[in-house]
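Trainee: Residue numbers (our numbering): 2 to 180. Let me give you the structure first, and then I'll get to my questions.
Written as C-alpha cells, this is what we have:
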C-alpha cells in the first residue's frame, strides 16, 4: 500500500472514485482501511488513530486539528498552513468566493443546509461540480448508500466521496465502464 499521507495524492491515485470514510474510533478506521477507503475523516480527536493507520486524515471538526494531514475549512476561515487545505462550500456563491480568495487544490462540495427547500442533496452537489475548474480535486459530501450513487458521482467527475464507516466495502468497486 502506498505510504503517502497527502490527501490530494491518495484520492487522485488509482482508478475510480476514492472513498473517504468518516470514522470516530480506531476499530472503524481499521475496518475502513481494510475495506478499501483511501482516506479517513474525523470530527474530533481519536487517541491512537495516527498510529493505527497509514491513510491520510482529514479533519472536519471544529477547533484545532489533531493528528490531521488535511483540514476542511470554510471560505475566509483561518487554517493551519502546515496542513493541506480543503475548502468546504455549499452553494455557487461560496464556490465563487472560494475560487476568488484562494487557489484551492481540493474542494469539498456539500449540499446547502437549508431546511425545507426540498432539494435532493445528491443533485445539489452534482449541480455545483461544473463550476469547479479543471485540475481541481472535488470531494462530494453527501450521504451515499449504494454503489450506484458512488458511480453517479464518479461519472459526473468527482474524485472522492465522504461515506460513513461500516459501509465502505459496498461502496468501493472497480471503475465503471465507459458509456
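Backbone N, C-alpha and C fix where the C-beta goes; we use that ideal spot for every residue, glycine too. Remember, it's a predicted structure, so these values are computed and weren't measured experimentally.
Apart from the five residues on each side of it in sequence, which residues of its chain come closer than 7 Å, Cβ to Cβ, to residue 160?
Mentor: Only 12, 13, 18, 19, 138, 139, 140 meet the Cβ criterion.
Trainee: By Cβ distance, which residues of its chain are closer than 7 Å to residue 172, with the 5 residues on each side in sequence left out?
Mentor: So the qualifying residues of the chain are 20, 145, 148, 151, 164.
Trainee: Give me the residue from 56, 16, 15 with the minimum Cα distance to residue 23.
Mentor: When only C-alpha atoms are compared, the closest one is 56.
Trainee: For the 8 Å Cβ check, are there 3 or more pairs between the stretch 91 to 105 and the stretch 59 to 66?
Mentor: No: fewer than three Cβ pairs fall under 8 Å.
Trainee: Starting from residue 154 and walking both ways along the alpha helix (DSSP H), at which residues does that stretch end?
Mentor: Note, residue 154: alpha helix (DSSP H), 148 to 157.
Trainee: To the nearest angstrom, how far is it from the Cα of residue 67 to the Cα of residue 125?
Mentor: Cα-Cα distance, rounded: 31 Å.
Trainee: Output yes or no for whether 8 Å exceeds the beta carbon distance between residue 50 and residue 8.
Mentor: In this structure, residue 8 does not lie closer than 8 Å to residue 50 by Cβ.
Trainee: Give me, in chain order, the residues of the same chain whose beta-carbon lies closer than 7 Å to that of residue 105; leave out the 5 immediate sequence neighbours on both sides.
Mentor: 86, 88, 99, 137.
Trainee: Alpha carbon to alpha carbon, what distance is there between residue 142 and residue 1?
Mentor: With the chain covering only 2 through 180, there is no way to say anything about residue 1.
Trainee: By Cβ distance, which residues of its chain are closer than 8 Å to residue 134, with the 5 residues on each side in sequence left out?
Mentor: Taken in chain order, the residues that qualify are 100.
Trainee: Rounded to whole angstroms, what's the CA-CA distance from residue 179 to residue 169? Just pull it up for me.
Mentor: Caution applies to residue 179, whose pLDDT of 44 falls short of 50 and renders its modelled position unreliable; the value that the coordinates give is listed next. So the alpha carbons of these two residues sit roughly 23 Å apart.
Trainee: State the DSSP-derived secondary structure class of residue 165, mapped to helix, strand or coil.
Mentor: Strand, per DSSP.
Trainee: Would you call residue 131 buried or exposed, if buried means 16 or more other Cβ atoms sit within 10 Å of its Cβ?
Mentor: Label assigned to residue 131: exposed.
Trainee: Output the boundary residues of the beta strand (DSSP E) element that contains residue 90.
Mentor: Run containing residue 90: 85 to 90, per the beta strand (DSSP E) assignment.
Trainee: On the premise that residue 53 lies in contact with residue 30, defined as a C-beta separation below 8 Å, what is that separation, rounded to the nearest angstrom?
Mentor: Rounded, the Cβ-Cβ distance is 6 Å, consistent with contact.
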